[in-house]
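**Student:** Numbering (this note's numbering), first residue to last: 1 to 355.
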């Protein structure tokens, strides 16, 4: 392997999973599996001796759990970590906790041994490892970023929609950012790349730390002030207009920009439904999802914001969005709630002046 290869350590108590992960990664050019560990203590020892670039870490292990290993790594010498978990309620909860503690990404263990299932799993593992390798090491293991709470001055129009697109690094980022929004705030719609079994528990966790109501989106639910809707995993979230109401629509259409749910799908739909009454925000994540959508939002008269490189866990999606030339403001994570509020306030003032 070349000097620029991504050096991966696999930590998993299952012989089957260790061999599956190793086989998946060894087929990928530019990725080298430098070792495997069968439990947490073995893993910590091999992290110290092998100094990997990326770790895949089983969430549920006897003895030292994946969460405990993660906490120790983040305290001692933070490294990009991909969590590997079961598709269960307990697995989802533990994975979300891991993402909050600093894990960059995660993959769900495959159900069954069909070749299509295993090939899909291989693709997800490779994507997660490459995402972790591209992450901002300076952001790992650091305390939460101080979020500036928007100044509550002036009335905000409640007919504006805030649309957020986010991927790797998103759960922890949203957990830090969302509490800054007051209860009286325009509706927020969020596409976070996440599997189907994870979005419900994620919405519940996010709702526990915010003043606004957070829920997994379902078709025909009306967008209301003081509400945030999260796209359900493996489904697109769209916004549609029914006479004077804006409602969510959920569908299982083809992947767009490599994802379902897709940020581009959300942005295009909300641009059609709300036109110049939209604030679109592209945040941390791998790839370019959202870069087509911001162009459509801008053409419709909306306002666009991208997270800056320094505060992004993975500077992929915001970078691609900024490269389109259709971003009105680039902001650090700590300033994004203020940037959103100022954009909404500006739209409110414009609407009042035209009334």
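Ideal Cβ placement from N, Cα and C applies to all residues, glycine included. Every value quoted in this text rests on a predicted model; they were computed, and no experiment measured them.
Starting from residue 178, follow the beta strand (DSSP E) in both directions and report where the run begins and ends.
**Tutor:** Stepping through the chain shown from its first residue, residue 178 is reached at position 178. Here residue 178 belongs to no beta strand (DSSP E), and DSSP marks it neither H nor E.
**Student:** Here's the rule I'm using: 16 or more other beta-carbon atoms within 10 Å means buried, otherwise exposed. How should residue 146 be labelled?
**Tutor:** For the purposes of this step, residue 146 is taken as residue 146 along the chain shown, with counting starting at 1. Under this definition residue 146 is an exposed residue.
**Student:** Assess contact between the stretch 223–233 and the stretch 177–196, defined as three or more Cβ pairs (one per stretch) separated by less than 8 Å. Is contact present?
**Tutor:** Taking 8 Å as the limit for Cβ pairs, the verdict is that the stretch 177–196 does touch the stretch 223–233.
**Student:** Does residue 334 come out as helix, strand or coil in the three-state DSSP assignment?
**Tutor:** The sequence position of residue 334 within the chain shown is 334, counting from 1. Three-state result, residue 334: helix.
**Student:** Does the beta-carbon distance from residue 257 to residue 234 come in below 7 Å?
**Tutor:** As a working mapping, residue 257 is identified with position 257 in the chain shown. As a working mapping, residue 234 is identified with position 234 in the chain shown. Not a contact, by the Cβ cut-off of 7 Å.
**Student:** Please classify residue 218 as buried or exposed, where buried requires at least 16 neighbouring CB atoms within 10 angstroms.
**Tutor:** Counting from 1 along the chain shown, the entry for residue 218 is found at position 218. Exposed, because fewer than 16 other Cβ atoms sit within 10 Å of the Cβ of residue 218.
**Student:** For residue 341, collect the residues of the same chain with a Cβ closer than 6 Å to its Cβ; drop the 5 residues on either side in sequence, then sort them by chain order.
**Tutor:** Working through the chain shown from its first residue, we reach residue 341 at position 341. Cβ within range, chain order: 150.
**Student:** What did DSSP end up calling residue 58 once you bin it into helix, strand or coil?
**Tutor:** The residue labelled residue 58 in the question sits at position 58 within the chain shown. Three-state DSSP puts residue 58 in a strand.
**Student:** Could you tell me whether the Cβ atoms of residue 276 and residue 293 are closer together than 7 Å?
**Tutor:** Taking the first residue of the chain shown as position 1, residue 276 is located at position 276. Taking the first residue of the chain shown as position 1, residue 293 is located at position 293. Cβ distance not < 7 Å, so residue 276 and residue 293 don't count as in contact.
**Student:** Using a Cβ-Cβ cut-off of 7 Å (strictly less than) and excluding sequence neighbours within five positions of residue 177, which residues of its own chain qualify?
**Tutor:** Here the question's residue 177 lines up with position 177 in the chain shown. So the qualifying residues of the chain are 147, 333, 336 and 337.
**Student:** In terms of DSSP beta bridges, what is residue 249 paired with?
**Tutor:** In the chain shown, the residue the question calls residue 249 occupies position 249. Paired residue(s): 238.
**Student:** Looking at C-beta atoms only, is the number of pairs between the stretch 271–286 and the stretch 302–318 that lie closer than 8 Å three or more?
**Tutor:** Segments in contact, yes.
**Student:** Confirm, please, whether the CB-CB distance from residue 8 to residue 40 is below 7 Å.
**Tutor:** Looking up residue 40 in the chain shown gives position 40. Looking up residue 8 in the chain shown gives position 8. No; because the gap between Cβ atoms is not below 7 Å, this pair is not in contact.
**Student:** Using the Cβ count rule (16 or more neighbours within 10 Å means buried), how would you classify residue 58?
**Tutor:** Reading the chain shown from its first residue, position 58 is the one you call residue 58. Burial call: buried.
**Student:** Among all the DSSP beta bridges, which residues are the ones paired with residue 7?
**Tutor:** Here residue 7 refers to the residue found at position 7 of the chain shown. DSSP output for residue 7 lists 32 as bridge partner(s).
**Student:** Can you tell which of 48, 98 and 34 has the C-alpha that lies nearest to the C-alpha of residue 60?
**Tutor:** In the chain shown, residue 60 corresponds to position 60, counting from 1. Closest by alpha carbon: 98.
**Student:** Hey, quick one: how far does the beta strand (DSSP E) through residue 191 stretch, first residue to last?
**Tutor:** In the chain shown, counting from the first residue as 1, residue 191 sits at position 191. Taken as a continuous stretch (DSSP letters only), the beta strand (DSSP E) holding residue 191 covers 188–192.
**Student:** Starting from the C-beta of residue 264, find all residues in its chain whose C-beta is less than 7 Å away, skip the five residues before and the five after it, and write them out in chain order.
**Tutor:** If you number the chain shown from 1, residue 264 lands on position 264. Cβ neighbours of residue 264 beyond the five flanking positions: 256, 257, 289, 290, 292 and 293.
**Student:** How would you call residue 209, buried or exposed, if buried means at least 16 neighbouring beta carbons within 10 angstroms?
**Tutor:** Taking the chain shown and counting its residues from 1, one reaches residue 209 at position 209. Looking at its Cβ environment, which holds fewer than 16 other Cβ atoms inside 10 Å, residue 209 is exposed.
**Student:** Going by C-alpha to C-alpha distance, which of 238, 242, 243 and 267 sits closest to residue 253?
**Tutor:** In the chain shown, counting from the first residue as 1, residue 253 sits at position 253. If we check each option's Cα against that of residue 253, 238 comes out closest.
**Student:** Apart from the five residues on each side of it in sequence, which residues of its chain come closer than 6 Å, Cβ to Cβ, to residue 140?
**Tutor:** Here residue 140 corresponds to residue number 140 of the chain shown, with the count starting at 1. Closer than 6 Å at the Cβ level, and outside the excluded window around residue 140, lie 78 and 102.
**Student:** Cβ atoms of residue 135 and residue 104: under 7 Å apart, would you say?
**Tutor:** Reading the chain shown from its first residue, position 104 is the one you call residue 104. Reading the chain shown from its first residue, position 135 is the one you call residue 135. Result yes, Cβ atoms of residue 104 and residue 135 sit closer than 7 Å.
**Student:** Does DSSP put residue 229 in a helix, in a strand, or in coil?
**Tutor:** Translated into the one-based positions of the chain shown, residue 229 becomes position 229. Of the three classes helix, strand and coil, the one that applies to residue 229 here is strand, per DSSP.
**Student:** Whose C-beta lies closer than 6 Å to the C-beta of residue 84 among residues of the same chain, with five residues either side of it excluded?
**Tutor:** By one-based count along the chain shown, residue 84 stands at place 84. Cβ within range, chain order: 56, 58 and 107.
**Student:** Once you ignore the five residues that flank residue 347 on each side, which residues in its own chain have a CB closer than 8 Å to its CB?
**Tutor:** Looking up residue 347 in the chain shown gives position 347. Around residue 347: 157, 160, 276, 277, 279 and 303.
**Student:** Within 10 angstroms of the Cβ of residue 202, are there 16 or more other Cβ atoms? Answer buried if so, exposed if not.
**Tutor:** Residue numbering aside, residue 202 sits at position 202 when the chain shown is read from its first letter. Classification for residue 202: buried.
**Student:** Less than 7 Å separating the beta-carbons of residue 64 and residue 163?
**Tutor:** Along the chain shown, read from residue 1 onward, the residue named residue 64 stands at position 64. Along the chain shown, read from residue 1 onward, the residue named residue 163 stands at position 163. No.
**Student:** Can you tell me where the alpha helix (DSSP H) with residue 291 in it begins and where it stops?
**Tutor:** Stepping through the chain shown from its first residue, residue 291 is reached at position 291. Element bounds for residue 291: 291–299.
**Student:** Which of the three DSSP states, helix, strand or coil, is assigned to residue 346?
**Tutor:** Counting from one through the chain shown, the residue named residue 346 turns up at place 346. Helix, per DSSP.
**Student:** Please state whether the Cβ-Cβ distance between residue 232 and residue 282 is less than 7 Å.
**Tutor:** Position 232 of the chain shown holds residue 232. Position 282 of the chain shown holds residue 282. No, the pair does not count as a contact, with Cβ atoms beyond the cut-off.
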